[in-house]
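Contents: one structure, followed by commentary.
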Ligand code: IMP
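In the working numbering, the protein residues as written are 2 to 179.
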């Protein structure tokens with residue numbers, strides 16, 4: 002399979018993404034008024050969602066970046082989470098908003114929550130743009146979910162297949178996996 006030759010079917014449009022992001026942003030703005038908040042971007046997949054979402058959170062926030070890799074370029078989760086970039090600053094005593102692109106088996110999100118909690122923040126609020134409830138293998142605390150989707154591989158808006166398609170402005174389903 003050539004990564005650059007996939008048959009893509011548009012699935013979630015730019016307008017649908019932006020409408021959902023506005024609504025999650027409004028909820029988070031209400032929740033965190035007057036609190037010390039750090040928004041953690043989980044790299045690489047959530048960088049576009051993160052950058053759109055933080056602009057809809059109308060309170061004082063600082064930004065941190067945490068890199069993990071779990072797929073190693075394939076389409077099924079390895080279950081192993083490798084940290085590729087650690088937070089640059091302590092988060093102790095702060096309210097963390099953990100922003101992920103997609104929860105599939107839930108293994109990565111579980112790992113991320115544990116990793117944040119070990120640093121003694123005041124609280125951890127999880128946000129994921131997409132969730133595949135049928136694929137979940139471990140219970141996962143998800144506070145804000147953009148869209149629940151079926152158990153099919155999707156790309157675009159930050160999500161990749163073998164590193165490609167992150168720059169699509171919408172989410173597409175991949176039609177031609179063998
Ligand atoms: P989990 O540990 O199985 O929940 O996997 C989460 C990670 O797998 C996400 O952060 C994505 O990087 C990747 N992933 C899961 N499903 C998809 C998909 O449909 N398209 C692209 N990446 C995915």
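Glycine is no exception: its CB is placed at the ideal position from the N, C-alpha and C atoms.
All figures in this text were calculated on a predicted structure; none of them were measured in a lab.
Straight-line measurement puts the Cα of residue 53 at about 8 Å from the Cα of residue 19. For residue 46, the CB falls within less than 8 Å of some heavy atom of the ligand IMP.
The closest heavy atom of the ligand IMP lies less than 8 Å from the beta carbon of residue 160.
Non-local C-beta neighbours of residue 81 in its own chain, meaning closer than 7 Å and more than five positions away in sequence, comprise 71, ordered along the chain. Approximately 6 Å separates the beta-carbon atoms of residue 141 and residue 104; this is inside 8 Å, confirming the contact. Assignment of residue 149 by DSSP, reduced to helix, strand and coil, places it in the strand class. In summary, residue 45 is buried, with 16 or more beta-carbon neighbours lying within 10 Å of its beta-carbon over all protein chains present. Residue burial annotation: residue 94 is exposed, with fewer than 16 other C-beta atoms found within 10 angstroms of its C-beta. Around the CB of residue 119, fewer than 16 other CB atoms lie within 10 Å, so the residue is classed as exposed. Not one heavy atom of the ligand IMP falls within 8 Å of the beta-carbon of residue 68. Assignment of alpha helix (DSSP H) within the segment 58-138, counting only whole runs of 4 or more residues, yields 108-118 in chain order. With 16 or more other CB atoms across the displayed protein chains lying within 10 angstroms of its CB, residue 42 is buried.
With distances taken between CA atoms, residue 109 lies nearest to 137 out of 169, 137, 157, 123. For the pair residue 146 and residue 128, the CB atoms are nearer than the 9 Å cut-off.
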